[in-house]
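Below: the structure, in structure tokens.
Residue numbers (this note's numbering): 5 to 307.
Here it is as structure tokens:
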């Protein structure tokens, strides 16, 4: 091959390289536009995220998707999150400290304060697939140019990634399965080997720094947006103002009125009662776990 032909080949190959990079950039921009998380101006309820029975994420070297779903919930502003895992365990430790008298006065770590979950969210996946192969143009270019530039071109791969995810939504009060939202995402990317074409956010666990993790994330965004839209069409979950709770410090009595003249029933130490909001002197009107309403002396209570 003479020098003129070599220069011509190089011009063609550089043009192919530029076109390939342009396609990759355009695909990334398009994907970002399609992965917006639904936003809410007011809360739709409280959610707890449960782990599915089958730990499917291990097959893709990913972490439990709970952190990803939590990030979507937090960014959307549509729900409060109640932690039924480590957060609840740590609260149990605080309760133990309160019961042993180690916490400050008026810490109020009694019963009846944990926020109720309105919905349980269970993330699952139907399928995900990755099909990768060297691009024909990149292969030709790498063979002709060789060297460092050939190595770069040889790293360009055309990949087709797909994911089909599910978010099952369960009524926390009745355990009725309300619905299942689906998210499907398919991505055809021309990229330089490893590296992301779009990011939901700094979540780690393989969902940010692997392509299959990013595609699964995008599918979950779609499923989450569908879930939000469905819940917005439903009646709001029933809720009542929370009542302050107290723990009975010693064996005592509940009284019919704000005095010790007429005992209503005996109430044992460490029982929990809930204030109704009425108070007369040192007597507080309370309701016990059986729905019985009476009066107790504040001297018999601990927070």
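Positions of the beta carbon are idealized from the N, C-alpha and C atoms, including for glycine.
Are there 16 or more other CB atoms within 10 angstroms of the CB of residue i, so buried, or fewer, so exposed?
i, result
"residue 178", "exposed"
"residue 254", "exposed"
"residue 152", "Legend: pLDDT at residue 152 = 40, less than 50; position of this residue unreliable, value from coordinates given subsequently. So residue 152 counts as exposed."
"residue 295", "exposed"
"residue 160", "Low confidence applies here, because residue 160 scores a pLDDT of 40, under 50, leaving its location unreliable; read the following figure in that light. Answer is buried; the Cβ neighbour count reaches 16."
"residue 33", "Confidence in residue 33 is poor, its pLDDT being 36 and thus under 50, which makes the residue's placement unreliable; the coordinate value appears in the next sentence. With fewer than 16 other Cβ atoms within 10 Å, it is exposed."
"residue 195", "Because residue 195 carries a pLDDT of 44, less than 50, the predicted location of this residue cannot be relied on, and the following value inherits that uncertainty. Buried is the call here."
Return the residue from the list the options that minimises the CA-CA distance to residue i.
i, options, result
"residue 298", "129, 267, 254 and 306", "267"
"residue 252", "238, 274, 237 and 281", "274"
"residue 169", "181, 129 and 79", "129"
"residue 58", "49, 47, 82 and 131", "131"
"residue 286", "191, 78 and 303", "303"
"residue 279", "65, 306 and 269", "306"
"residue 50", "271, 78, 94 and 66", "78"
"residue 98", "81, 118 and 84", "118"
"residue 41", "81, 180 and 241", "81"
"residue 63", "180, 216, 84 and 44", "216"
"residue 262", "272, 284 and 270", "284"
Round the Cβ separation of residue i and residue j to the nearest angstrom and send it over; I've been treating them as touching at under 8 Å.
i, j, result
"residue 258", "residue 300", "6 Å"
"residue 250", "residue 290", "7 Å"
"residue 48", "residue 237", "Incorrect: roughly 11 Å between the Cβ atoms, too far for contact."
Can you name, in chain order, every residue of its own chain whose Cβ lies under 6 Å from the Cβ of residue i, other than the five neighbours on each side?
i, result
"residue 52", "86, 88, 121 and 124"
"residue 293", "none"
"residue 277", "250, 290 and 292"
"residue 190", "166"
"residue 181", "174"
"residue 248", "279"
"residue 272", "255"
Suppose the cutoff is 8 Å on Cβ atoms and the five residues either side in sequence are ignored; what does the same chain contact list for residue i look like?
i, result
"residue 264", "257 and 301"
"residue 150", "For residue 150, the predicted structure reports a pLDDT of 46, less than 50, and the residue's modelled location is therefore unreliable. The matter cannot be settled from this model."
"residue 68", "55, 59, 61 and 209"
"residue 260", "266, 267, 268, 298 and 299"
For residue i, collect the residues of the same chain with a Cβ closer than 7 Å to its Cβ; drop the 5 residues on either side in sequence, then sort them by chain order.
i, result
"residue 231", "171, 173 and 185"
"residue 37", "Low confidence applies to residue 37: its pLDDT is 46, below 50, so where it sits in the model is not reliable, and the reading given next is rough at best. Excluding sequence neighbours, residue 37 sits near nothing in its chain."
"residue 282", "289"
"residue 183", "173 and 234"
"residue 65", "210"
"residue 241", "49 and 122"
"residue 83", "47, 48, 49, 50, 51 and 77"
"residue 43", "80 and 81"
"residue 94", "none"
Counting only C-beta atoms, is residue i closer than 8 Å to chain B at any point?
i, result
"residue 288", "The displayed structure is made up of one protein chain only, and chain B is not part of it."
How about residue i: is its Cβ closer than 7 Å to a heavy atom in the ligand SAH?
i, result
"residue 79", "The ligand SAH is absent from the structure shown, which contains no ligand whatsoever."
Count the CB pairs spanning the stretch 220-236 and the stretch 57-75 that are closer than 8 Å, and state whether there are at least three. yes
Does the pairing of the stretch 121-129 with the stretch 165-178 give three or more beta-carbon distances under 8 Å? The count of Cβ pairs closer than 8 Å, one atom from the stretch 121-129 and one from the stretch 165-178, reaches three, so the stretches are in contact.
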